[in-house]
Amino acid sequence: QAFRRLYYDLDPDAQAKAIEAAMSQALAVARPVLTAHCEVAQRLGERLGLSDEIRRNLGQIYERWDGKGLPRGLSGEDVLPAVRLITLAQDVIALSDAVGIEAMAEIVANRGDGPYEAGLARLVSANAAVLMEGIGATVDRETILALEPDPPVMLDEAACEEAFLAIADMIDMRMPFTQGHSRMVADLAEGAGARAGLPAPDLRALRWSGFIHDIGELVVPVATWMRNGPLSVRERDAAQLHAYYGERALTSFGRDGDAMAGMVLRHHERLDGSGYHRKVGGSDLSPAARILAAAEAFQTSREERPHRKALSSEAAAAQLRAAVREGCICPEAAEAVLSFAGQPSRRALPRALAGMTPREIEVLRLIAAGFTAKEAARKLDISPKTADHHIESVYSKVGVTTRAAAALYAVEHGLVRPGETRA
Ligand SMILES: [Fe+2]
Ligand SMILES: [Fe+2]
1234 QAFRRLYYDL
1244 DPDAQAKAIE
1254 AAMSQALAVA
1264 RPVLTAHCEV
1274 AQRLGERLGL
1284 SDEIRRNLGQ
1294 IYERWDGKGL
1304 PRGLSGEDVL
1314 PAVRLITLAQ
1324 DVIALSDAVG
1334 IEAMAEIVAN
1344 RGDGPYEAGL
1354 ARLVSANAAV
1364 LMEGIGATVD
1374 RETILALEPD
1384 PPVMLDEAAC
1394 EEAFLAIADM
1404 IDMRMPFTQG
1414 HSRMVADLAE
1424 GAGARAGLPA
1434 PDLRALRWSG
1444 FIHDIGELVV
1454 PVATWMRNGP
1464 LSVRERDAAQ
1474 LHAYYGERAL
1484 TSFGRDGDAM
1494 AGMVLRHHER
1504 LDGSGYHRKV
1514 GGSDLSPAAR
1524 ILAAAEAFQT
1534 SREERPHRKA
1544 LSSEAAAAQL
1554 RAAVREGCIC
1564 PEAAEAVLSF
1574 AGQPSRRALP
1584 RALAGMTPRE
1594 IEVLRLIAAG
1604 FTAKEAARKL
1614 DISPKTADHH
1624 IESVYSKVGV
1634 TTRAAAALYA
1644 VEHGLVRPGE
1654 TRA
């Protein structure tokens, strides 16, 4: 079925020949690829902090009971128990999809002591209907977390950083031309955010969003990204939805992922609504989201793509400024990115958001969310007097005299994040 999709544009005769040729070469092609899968999965597992046991399993994930697996041709008891189960489960799903549950049960029973351990094969085929019940239903976050053995593993800040970086590298290594893309976007976005005077929590969210902004690309076939020519409407739609899939992936992080999810969802949106996939405009784009979009656009044009060469940093800067003139990219965000990237700027970099300092932005955010000055002071670990001082300064910079007007300013400028209100 995969080969049929690959050769979809051939006439039936040519398609049959191409599929036959591909099948005859499949093992030779698969051996180095699957060996690489195992090696890379083990390394990424290490960086994500997975246990030794899980990493050993990952190294064997294509082995089979009868010794005909890859990469080492292990057999029988040498294949780890979890691997025996997972490889069988994988085939059970594929076979059920292809031929239905009953026929799957028969095939699995016949393959006992072949690819599958006989006892497991018998167990599965005798209980096929029960085992397949509810397969394919969405499993929510709570259910998954409840399955975690005690004590649950928590990642601290440094481990999160390393885990996001590992995911970034995993996303980027699918295509030769995106190697290092997400790392660069993260660096640019965080650096530009600092130049624009955004507060520390925004900088962290920018950095981590940069790492994983393209995680939704994993849903889209590599062949689509590699195509050197116009995409079909269906392919283009699927490719553009990677921003949406990225947001979906991040919602499984719970509330901690909200700020990142919001930015990942919008990383291809444009001020004038000409981006994708929701085609929202500037009023829906926070300063941080604008910076991520500008950093992404700048970095992407410095990389090669199948249909074009990489631009020099200078040419990429000119292109970004052209996008600013067309009203697509936020001028402040673009200048912050370019100045961080060492591109000479024609104008002094304006401080974002009415010249407020990062601390003042944090204070405004809390005030807008309904916290009193005292509470805001406690949250930020500063004295109430200092908080009052910040508030006064915020009011004068924003040009308001009341909390309500300041709160409106915060909402209008994307400073109030979901889940941050007091109520
Ligand atoms: Fe990207
Ligand atoms: Fe993207």
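Residues 1234 to 1656, numbered by the numbering used here, are exactly what the sequence shown covers, in order. We put the beta carbon where it would ideally sit given N, CA and C, even for glycine.
For residue i, the first and last residue of its enclosing alpha helix (DSSP H)
i, result
"Glu1450", "Careful: Glu1450 lies outside any alpha helix (DSSP H) and carries neither H nor E."
"Glu1335", "1334-1343"
"Gly1292", "1285-1292"
"Phe1573", "1564-1573"
"Tyr1240", "No alpha helix (DSSP H) contains Tyr1240, which DSSP labels as neither H nor E."
"Ile1188", "Nothing about residue 1188 can be read from this structure; the chain reaches only from 1234 to 1656."
"Pro1591", "1591-1601"
"His1414", "1414-1428"
"Thr1605", "Looking at the DSSP string, Thr1605 is not in any alpha helix (DSSP H), and its letter there is neither H nor E."
"Cys1393", "1390-1405"
"Gln1576", "Where Gln1576 is concerned, there is no enclosing alpha helix (DSSP H), given that its DSSP letter is neither H nor E."
"Met1408", "No alpha helix (DSSP H) holds Met1408; DSSP gives it neither H nor E."
"Gly1506", "Here Gly1506 belongs to no alpha helix (DSSP H), and DSSP marks it neither H nor E."
"Ala1370", "That residue, Ala1370, is in no alpha helix (DSSP H); it is neither H nor E in DSSP."
"Asp1517", "Counting along the chain, Asp1517 falls outside any alpha helix (DSSP H), and DSSP gives it neither H nor E."
"Gln1473", "1466-1473"
"Ser1457", "This sequence places Thr at residue 1457; Ser is not what is there. That run of the alpha helix (DSSP H) goes 1455-1459."
"Asp1491", "1491-1498"
"Glu1350", "No alpha helix (DSSP H) contains Glu1350, which DSSP labels as neither H nor E."
"Arg1554", "1546-1558"
Assigned secondary structure, residue i (DSSP; H/G/I helix, E/B strand, else coil)
i, result
"Arg1541", "strand"
"Tyr1478", "helix"
"Tyr1628", "helix"
"Val1649", "coil"
"Ala1656", "Low per-residue confidence applies at Ala1656: pLDDT is 43, beneath 50, and the placement is therefore not dependable enough to give any value."
"Tyr1642", "helix"
"Arg1355", "helix"
"Arg1305", "coil"
"Ser1616", "coil"
Beta-carbon spacing of residue i, residue j below 7 Å
i, j, result
"Val1357", "Val1341", "yes"
"Leu1421", "Val1557", "no"
"His1500", "Glu1537", "no"
"Leu1291", "Ala1274", "yes"
"Glu1350", "Arg1317", "yes"
"Tyr1295", "Leu1303", "yes"
"Glu1423", "Arg1407", "no"
"Ser1442", "Met1496", "yes"
"Ala1396", "Leu1281", "yes"
"Ala1361", "Ala1338", "yes"
"Gly1181", "Lys1630", "Nothing about residue 1181 can be reported from this structure: the residues present for the chain run from 1234 to 1656 only."
"Thr1457", "Glu1450", "no"
"Leu1498", "Ala1399", "no"
"Ile1448", "Ala1392", "no"
"Arg1428", "Phe1604", "no"
"Val1649", "Ala1601", "yes"
"Arg1288", "Pro1348", "no"
"Gly1367", "Pro1591", "no"
"Ala1527", "Ala1555", "no"
"Tyr1509", "Gln1473", "yes"
"Met1459", "Pro1539", "yes"
"Phe1444", "Ser1415", "yes"
"Leu1353", "Leu1378", "no"
Residue-chain proximity (residue i, chain C), Cβ-Cβ < 7 Å
i, result
"Ile1600", "As a matter of chain content, chain C is missing from the structure shown, which is built from one protein chain."
Cβ-heavy atom distance, residue i to ligand 4, below 6 Å
i, result
"Asp1447", "In the structure on display, ligand 4 does not appear, and the ligands it does have are ligand 1 and ligand 2."
Exercise. Per the contact definition of three or more C-beta pairs closer than 8 Å, is the segment 1499-1508 in contact with the segment 1552-1564?
Worked result: By the C-beta criterion, the segment 1552-1564 is judged to be in contact with the segment 1499-1508, since at least 3 inter-stretch pairs fall below 8 Å.
Open item on the list: Closer than 8 Å is the cut-off here; do at least three beta carbon pairs connect the segment 1482-1499 with the segment 1536-1553?
Closed with: Contact between the segment 1482-1499 and the segment 1536-1553 is absent, with fewer than three C-beta pairs closer than 8 Å.
Does the structure place the segment 1472-1482 close enough to the segment 1418-1435 that three or more beta carbon pairs sit under 8 Å?
Segments in contact, no.
* Asked: Do the segment 1628-1641 and the segment 1597-1604 make contact, defined as three or more Cβ pairs closer than 8 Å?
  -> A contact exists between the segment 1628-1641 and the segment 1597-1604.
The segment 1516-1527 touching the segment 1432-1451, judged by at least three CB pairs closer than 8 Å: They touch, by the three-pair rule.
Mind the definition here: the segment 1247-1257 touches the segment 1383-1403 only if three or more C-beta pairs lie below 8 Å; say whether that holds. The segment 1247-1257 makes no contact with the segment 1383-1403; the number of CB pairs closer than 8 Å stays below 3.
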